[in-house]
Amino acid sequence: MKHISYRPIPALLLGVLLLFLVLPIHPAGVPVLVTLSSSVSPTAGQAGLTNVSVTGSGFPSGTIPPANVTVNLQPAGVTASATSVATISGTVRRVTFQIPAAIVVASPTTYTVSISGTTATGTSFASSNTSALVVNPSPTISGVNPSGGNPGQTIPVAITGLYTTFVQGVTVANFGAGISVGGAAAGTSGPVAVNGPNSATAQIVIDPAEADGPYNVTVTTGAQQETLSGGFVISSVLSNQWIAFNRAGAPSSNLQCFTPNNVSVSGSNLVITTQLQSATCSSFDLSTATFNYTSGYVSMRNFNFLYGTVEFRAQFGGGANSGAWPAVWMEDVSCQASDPTGTDNSCNGQEIDVAEILHSDFSHVNQQIHVNNFNNNDGCTAAATDTSQNFHVYQMVWSPGSLVWKIDGTTTCTITQSYVPNAAMYLKIDMFMGGSAGGPVNNASLPWTTLVDYVKVTQGSTVVFFDDFH
Amino acid sequence: MSRTPWLLGVVVLTLLPATSMASSVTVGDIELNNLFAGVNVFTVNNFTGSNNLGFFPVADDVVFTDLVLTATESDSTVLTFNLADLGPGSDTTSTVSDALLFTQVVLSATLSPATFTLTNGDSGTFVANPVLSFTLLPSSGSFLVAGTDSGTFDAQGVPEPSQLALLGLGLIVIARFRR
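Chains A and E, in that order, are what the protein sequence lines are.
Numbered per the numbering used here, the first sequence spans residues 581 to 1050.
Numbered per the numbering used here, the second sequence spans residues 1154 to 1332.
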């Protein structure tokens, strides 16, 4: 057998060569490339609040202190330090960071996330691709339903959020003084039933002695909090059949704030007052602003109907050349359920004006439909003795394909058209002012007072709705 | 002639089906993280398909269907999260109060499909048990810790029919040699 002698020097060289072949060598200054997952987890969050993680493979071995990792978000050009770096498997690691508070967005905005850093021993690394992150605006409460109640009532209130993260067992709500939520003491935060990240239900009890007015609704989920200013209105003067709005007007007539304080029941009448009074308000389609006038606006809270006869007895506020624009009108039911703060200006484009005074001409009553997004606007202008000085009984008979208006029992207008609304509607009573429909406001004529004696809806011989405001 | 070399060869061939491919492959992970103060989140990642980071072995798109998380609290209360199907390269989250202490969370799902192509060293077709089950336990202490506790979970392989046939044939031959 041939003897093979051991030669240490060539063996050592061979070993070093093998080592170079096996171990990845990265020249100084050239970072190890890391492949990131296509999106972070969770995929969306709130700046200054949400912790998100990005997973990548190809990280160099060894300890990576979180402070050594920089997260870069584009297009904001904002950086953040990692809060933790965890190894998932092999070269796969998860880098966690908080979305920087410096990012401010008005709508959900997608950012790209890249990372770079060094290990504790100085090996640098950088991502070769980016991961997607959606930054949401600050969460808000978009509405509560119902948006109001009477003293002494116990009712469930649906809370709808936008970009919220409601969590069962964490989320609590506060409706303000005198209102208990989920069994908690009145005025404190109480638990709610969470239906989803943007939906919860609060069981509230309103103190019988609690004062009328708007109350803020605040929902808290850990460090996340949002408030709907004046989102819930306590009203002791109206039956629970009505909502008294607390909101700005409409883009076409935006001179006033509608406040519950301008709605009352007195002398067996619903009383809507319009006055020269500075107030600040907003609505879903109008930014917060201060106006010189306040007025009143009520809407049927739950009741709606398809066909039948609507009847009311009223005397409108204002008077000739006052700038007043009172109306009793109906809109499509699709708006009613989502109507806590009056987000109902264009309800499927279906509107019936039962009685409306235009251009401060109180000797004529506009009786009209606006349907198919204002493409069909049939109607009449009916004469009546000064509607600001006299009570009249206004009536409208709604049948399939037909509408008949009456004032004090006399037919004043008839429409027979296939496009007469054929879906359920609900009634609203308000006093807008100014604009193209009201004309210039005469401050000397203020305050105005609209009185409604009763509202009744019948179907056949059955009275399906009645409020005589006693 | 000695029968030993023949027998050794047969034994090697018999065991080959069991050693030719990994018995399990990583398809995802589950983590407990802090979403923000007051809220923790269980996150399940699907590491299959084109977004497998070039690291995890399953190259085909695999969906986790019937995905359920069952988290057990320190007082034995059980929270169950029935989650939507989780596609390849994506994740799903379930939020919980950060005040809750969990002793474990059990993940169960069904792999669809259960036969897929491997890359990254493990190549070929992998036939998995479609039933996926994994229990995440605290890495230390009695309760899961957000930001600390996570674990990858694997699809378990089942032998292909041809592999079973080869195994059976080998066992028969060995038995004859031993007589």
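Note that beta-carbon positions come from the ideal geometry of N, C-alpha and C, so glycine has one too.
The segment 1291–1311 of chain E: which residues have C-beta closer than 7 Å to a C-beta of chain A, in chain order?
-> 1300, 1303 and 1305
Check the Cβ-Cβ distances between residue 640 (chain A) and every residue of chain E, and say whether any is below 8 Å.
-> Output row for residue 640 (chain A): interface = no.
Sub-8 Å separation of residue 730 (chain A) and residue 661 (chain A) beta-carbons = The Cβ atoms of residue 730 (chain A) and residue 661 (chain A) do not sit closer than 8 Å to each other.
Any residues in the segment 666–677 of chain A with a beta carbon nearer than 9 Å to a beta carbon of chain E? Which ones, in chain order?
-> Hits within the stretch, in order: 666, 668, 669, 670, 671, 672, 674 and 676.
Along chain D, which residues have their Cβ under 8 Å away from the Cβ of residue 636 (chain A)?
-> Included in the structure are the protein chains A and E, with no chain D among them.
Pairing CB atoms from the segment 740–757 of chain A with CB atoms from the segment 858–873 of chain A, are three or more of them under 8 Å?
-> no
For residue 605 (chain A), count neighbouring Cβ atoms within 10 angstroms of its own Cβ and tell me buried if that reaches 16, exposed if not.
-> Bear in mind that the predicted position of residue 605 (chain A) carries a pLDDT of just 48, short of 50, making it unreliable; the figure below should be weighed with that in mind. Label assigned to residue 605 (chain A): exposed.
Should residue 932 (chain A) go down as buried or exposed, given a rule of 16 or more other Cβ atoms within 10 Å for buried?
-> buried
Can you tell me the Cα-Cα spacing of residue 618 (chain A) and residue 1265 (chain E), whole angstroms?
-> C-alpha separation (whole angstroms): 22 Å.
Proximity to residue 1038 (chain A) [Cα-Cα], best of A:637, A:877 and A:884 = A:884
Using the rule of at least 16 other Cβ atoms within 10 Å of the residue's Cβ for burial, across every protein chain shown, is residue 1255 (chain E) buried or exposed?
-> buried
In three-state DSSP terms, what is residue 1204 (chain E)?
-> helix
Does the beta carbon of residue 1260 (chain E) come closer than 8 Å to any beta carbon on chain A?
-> Between residue 1260 (chain E) and chain A, the shortest Cβ-Cβ separation is not below 8 Å.
6 Å CB neighbourhood of residue 1008 (chain A) in its chain, flanking five on each side removed = The answer, listed in chain order, is 879 and 909.
Inter-stretch contact (C-beta, 8 Å, three-pair minimum) for the segment 889–902 of chain A and the segment 970–977 of chain A = yes
Select from the segment 1239–1251 of chain E all residues with a C-beta closer than 8 Å to any C-beta belonging to chain A, and list them in chain order.
-> 1242, 1243, 1244, 1246, 1248, 1249, 1250 and 1251
In chain A, which residues lie less than 8 Å from residue 1179 (chain E) when you measure between Cβ atoms?
-> Here the neighbours are 669.
Please determine if the segment 686–697 of chain A and the segment 1210–1224 of chain E are in contact, where contact requires at least 3 C-beta pairs separated by less than 8 Å.
-> no
Using the beta-carbon of each residue, which ones in chain A are nearer than 7 Å to residue 1214 (chain E)?
-> The contacting residues do not exist; residue 1214 (chain E) stays about 13 Å from chain A at best.
So residue 829 (chain A) is in the beta strand (DSSP E); what residue range does that whole segment cover?
-> 827–830
Is it the case that the Cβ atoms of residue 726 (chain A) and residue 783 (chain A) are separated by a distance below 8 Å?
-> no
Report the residues of the segment 740–757 of chain A with a CB closer than 7 Å to any CB of chain E, ordered along the chain.
-> Result list: 745, 747, 749 and 750.
Step through the CB atoms of chain A and report whether any lies within less than 8 Å of the CB of residue 1202 (chain E).
-> no
What is the residue span of the alpha helix (DSSP H) that residue 1017 (chain A) lies within?
-> 1015–1018
Tell me where the beta strand (DSSP E) around residue 1279 (chain E) begins and ends.
-> 1277–1280
How about residue 769 (chain A) and residue 740 (chain A): do their beta carbons lie closer than 8 Å?
-> Against a cut-off of 8 Å, the Cβ pair of residue 740 (chain A) and residue 769 (chain A) comes out as no contact.
Secondary structure, beta strand (DSSP E): runs of 3+ residues fully inside the segment 728–796 of chain A = 734–742, 752–754, 759–761, 773–776 and 779–786
Could you tell me whether the Cβ of residue 603 (chain A) comes closer than 8 Å to any Cβ of chain E?
-> Confidence is the limiting factor: at residue 603 (chain A) the pLDDT is only 45, short of 50, which leaves the residue's position unreliable, though a coordinate-based value still follows. No, residue 603 (chain A) lies away from the interface with chain E (no Cβ there is under 8 Å from its Cβ).
Quick one: what's got a C-beta closer than 7 Å to residue 903 (chain A)'s C-beta in the same chain, skipping five residues either side?
-> The residues are 940, 1013, 1014, 1018, 1019, 1020, 1021 and 1022.
The beta strand (DSSP E) enclosing residue 881 (chain A), as first and last residue numbers | Premise fails: residue 881 (chain A) is in no beta strand (DSSP E) and is neither H nor E.
DSSP on residue 1000 (chain A), reduced to helix/strand/coil?
-> coil
Cβ of residue 661 (chain A) less than 8 Å from any chain E Cβ?
-> no
Just how far apart, CA to CA, sit residue 625 (chain A) and residue 631 (chain A)?
-> Counting only the Cα atoms, residue 631 (chain A) lies some 8 Å from residue 625 (chain A).
What in chain A is Cβ-close to residue 1189 (chain E), meaning under 7 Å?
-> 629, 630, 631, 802, 803 and 804
From the beta carbon of residue 622 (chain A), is the nearest beta carbon of chain E less than 8 Å away?
-> Chain E contact via Cβ: present.
Thinking just about the alpha-carbon of each residue, which of A:807, A:678 and A:874 is nearest to the one in residue 828 (chain A)?
-> A:874
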